[in-house]
Amino acid sequence: MDPRASELPAAPAWDTLAADFEAFHARFAALFVRSEPRQQAIKYVRSLMGPAARRNGWQLAEAIGDPTPDRVQRLLYSADWSADAARDLLMDFTIEQFGDPQGIGVLDETGFLKKGSKSVGVARQYSGTAGKIENCQIGVFLSYTSSRGHVILDRRLYLPESWCSDPARRQDARVPEDVAFQTKPQLAMQMLHGAWQRGVPMAWVTGDEVYGDDPVLRDGIAAQGHRYVLAVISSTPVWPQ
Numbered sequence: 001m002d003p004r005a006s007e008l009p010a011a012p013a014w015d016t017l018a019a020d021f022e023a024f025h026a027r028f029a030a031l032f033v034r035s036e037p038r039q040q041a042i043k044y045v046r047s048l049m050g051p052a053a054r055r056n057g058w059q060l061a062e063a064i065g066d067p068t069p070d071r072v073q074r075l076l077y078s079a080d081w082s083a084d085a086a087r088d089l090l091m092d093f094t095i096e097q098f099g100d101p102q103g104i105g106v107l108d109e110t111g112f113l114k115k116g117s118k119s120v121g122v123a124r125q126y127s128g129t130a131g132k133i134e135n136c137q138i139g140v141f142l143s144y145t146s147s148r149g150h151v152i153l154d155r156r157l158y159l160p161e162s163w164c165s166d167p168a169r170r171q172d173a174r175v176p177e178d179v180a181f182q183t184k185p186q187l188a189m190q191m192l193h194g195a196w197q198r199g200v201p202m203a204w205v206t207g208d209e210v211y212g213d214d215p216v217l218r219d220g221i222a223a224q225g226h227r228y229v230l231a232v233i234s235s236t237p238v239w240p241q
């Protein structure tokens, strides 16, 4: 028996989840044309559910019994499958399992600290995660919460203007040519529209002042018939209607 198998969730805890997990993964099987990435995907997701203290390539490879991170890296960087198609299927699952007419969409961002300059979108910028300006990537996320549970619905990587205006850097990082600069509220509005078009029931949208200070986002939410509770900075002018 491979001692690395002990890194995976142990029985009976895993046994109680296995059937549900297999059924959940089956929803996404058609996204993978070849069996190798399909099987690697189920191993990868299962490793994320395990007890490994760190989630880097070597730790995850060890948890699933791979000798090196190469297979995980191929799955994430070069295998032929669509992350957006997986996102859409996840939204369908969310509607079935967590959907509630009084559900809430939550807008937020998080920073991923980096030491180098090659990761797409990395720059010295404010990170709420660190509470200060750091060399980092910023991801904008749409989560969904209801009386039945909560789940992350969608994600966007924020690409700073310095990246968008640097063709050589874009090419080196393989940023698609059609990707243009968008503010964080614009990315948030895209994700909200995608969730609404998919049929995710949502009565409210919440977020901090990064989103509340943008009048176009506020008006866009209201125009779709949704209510919002968004933070604003203290100097924001308000008036009764």
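When you line the sequence shown up against the UniProt record's numbering, it's residues 1 to 241, in that order. Note that beta-carbon positions come from the ideal geometry of N, C-alpha and C, so glycine has one too. If you're wondering where the values come from, they're calculated on a predicted model, not measured in any experiment.
{"Asked": "Which residues DSSP lists as bridging Ala123, in chain order", "Found": "Cys136"}
{"Asked": "Element boundaries [beta strand (DSSP E), containing Val106]", "Found": "Ile104 to Leu113"}
{"Asked": "Cross-strand partners of Ser143 (DSSP beta bridge)", "Found": "Val106 and Ile152"}
{"Asked": "Residue closest to Ser147, alpha-carbon to alpha-carbon, out of Asp166, Pro67, Gly131 and Gly103", "Found": "Gly103"}
{"Asked": "8 Å CB neighbourhood of Ala29 in its chain, flanking five on each side removed", "Found": "Arg38"}
{"Asked": "With 16 other Cβ atoms within 10 Å as the buried cut-off, status of Leu113", "Found": "exposed"}
{"Asked": "Which of helix, strand or coil DSSP assigns to Gly207", "Found": "strand"}
{"Asked": "Any 3 or more C-beta pairs closer than 8 Å across the stretch 133-152 and the stretch 162-173", "Found": "no"}
{"Asked": "Chain-order list of residues whose beta-carbon lies under 8 Å from that of His25 (same chain, five-residue window excluded)", "Found": "Ala41, Ile42 and Val45"}
{"Asked": "8 Å Cβ cutoff met for Leu189 and Gly149", "Found": "The amino acid at residue 189 is misidentified as Leu; the sequence shows Met. Not a contact, by the Cβ cut-off of 8 Å."}
{"Asked": "Entirely enclosed alpha helix (DSSP H) segments - the stretch 9-52, minimum 4 residues", "Found": "13-26 and 35-48"}
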